[in-house]
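Q: For the sequence shown, my numbering gives the first residue as 29, with consecutive numbering after it.
Don't be surprised by glycine CBs; every beta carbon is placed ideally from N, CA and C.
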Amino acid sequence: MKLMTRRMLKTDLPQVLAIEQQLFADPWQAGMFTEEIDKHEAWVAINELNQIVGYLTGWLVADDFSLNNIAVDKSFQRKKIATKLLKEIIKKLRTRKCKNIFLVVRESNLAAIRLYEKFQFVIIGKKKEYYQKPVEDALVMKLEIEEK
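1) Taking C-beta to C-beta, are V72 and M29 nearer than 8 angstroms?
2) How about the segment 158 to 172 and the segment 50 to 64: do they share at least three Cβ pairs that are nearer than 8 angstroms?
3) Mapping the DSSP letters down to three states, classify R106 as helix, strand or coil.
4) I believe F98 touches Q43 by the beta-carbon criterion, under 8 angstroms. Please report the beta-carbon distance rounded to the nearest angstrom.
5) Please work out which residues of its chain come closer than 8 angstroms, Cβ to Cβ, to D92, disregarding the five sequence neighbours upstream and downstream, and give them in chain order.
6) Under DSSP, the beta strand (DSSP E) around E76 begins and ends at which residues?
7) Measure the Cβ-Cβ separation of F61 and L88 and say whether it is below 8 angstroms.
8) What residues in its chain sit with their C-beta under 6 angstroms from that of M169, if we drop five residues either side in the sequence?
9) With which residues is K166 paired in a DSSP beta bridge?
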C-alpha cells in the first residue's frame with residue numbers, strides 16, 4: 029500500500045473522527061482535534077485512494093514532544109501505518125532540535141507497547157487509573173531522539 033503523510037486539515041475531521049470513534053471508548057471530540065491542528069502537531073496518513081487511514085497528534089514544548097494520540101483505522105491495522113507515522117514525526121522532530129518524545133499507553137495495549145519498544149521507547153513510570161472506560165493504569169514511555 030502506498031502511503032503519504034501530511035499535516036492534518038480541518039477538512040480531514042470527519043474521517044479522523046470516524047476512526048477515533050471506531051477505536052476508543054472515550055473518543056476525542058472535534059474541538060480537541062481542531063486545537064491540535066491550530067496550535068500543535070497533527071498528521072494524517074493517506075492511502076492511494078485518498079482515504080485517511082491513520083493519524084498522529086502531539087505537542088512540542090521546548091525540546092520535548094508529547095505524543096497525545098496515534099491511531100489507525102481497524103481495516104488498515106497491521107500494515108505498518110503507525111510505524112510510518114512515527115518514523116515521519118521523529119524525522120521532523122529531529123530537524124526541530126527535539127530531544128525527547130513522551131507518551132502514555134494503556135498497560136493492556138501490548139501491540140502499541142511492542143511498537144514503541146521497536147523504536148527504543150523505554151518505560152519510565154506508571155500512572156494509576158489514568159484511563160477511564162475501562163479504568164486502567166497507563167505506562168509512561170520515553171524516547172531520546174537527540175542526535176549525539
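A: Put simply:
1) What you label residue 72 is simply residue 44 of the sequence shown in a count that begins at 1. What you label residue 29 is simply residue 1 of the sequence shown in a count that begins at 1. For V72 and M29, no; Cβs fall outside 8 angstroms.
2) yes
3) As a first step, residue 106 is located in the sequence shown; it is residue number 78 there, counting from the start. Coil, per DSSP.
4) As a position in the sequence shown, residue 98 is number 70, starting the count at 1. As a position in the sequence shown, residue 43 is number 15, starting the count at 1. The residue asked about is misnamed: residue 98 is Ile in this sequence, not Phe. No, I98 and Q43 are not in contact; Cβ-Cβ is about 16 angstroms, not under 8 angstroms.
5) Your numbering for residue 92 matches position 64 in the sequence shown. The beta carbon of D92 sits closer than 8 angstroms to the beta carbons of C126, K127, N128, I129 and F130 from its chain, once the five residues preceding and following it are set aside; these are given in chain order.
6) As a first step, residue 76 is located in the sequence shown; it is residue number 48 there, counting from the start. Looking at the DSSP string, E76 is not in any beta strand (DSSP E), and its letter there is neither H nor E.
7) On the sequence shown, residue 61 is found 33 positions in, with the first residue counted as 1. On the sequence shown, residue 88 is found 60 positions in, with the first residue counted as 1. Going by C-beta atoms, F61 is not nearer than 8 angstroms to L88.
8) Taking the sequence shown and counting its residues from 1, the one referred to as residue 169 is at position 141. Closer than 6 angstroms at Cβ, skipping near neighbours: L131, Y144, F149 and I151.
9) Start at 1 with the first residue of the sequence shown, and residue 166 comes out as number 138. The amino acid at residue 166 is misidentified as Lys; the sequence shows Ala. Its beta-bridge partners are R134 and K155.
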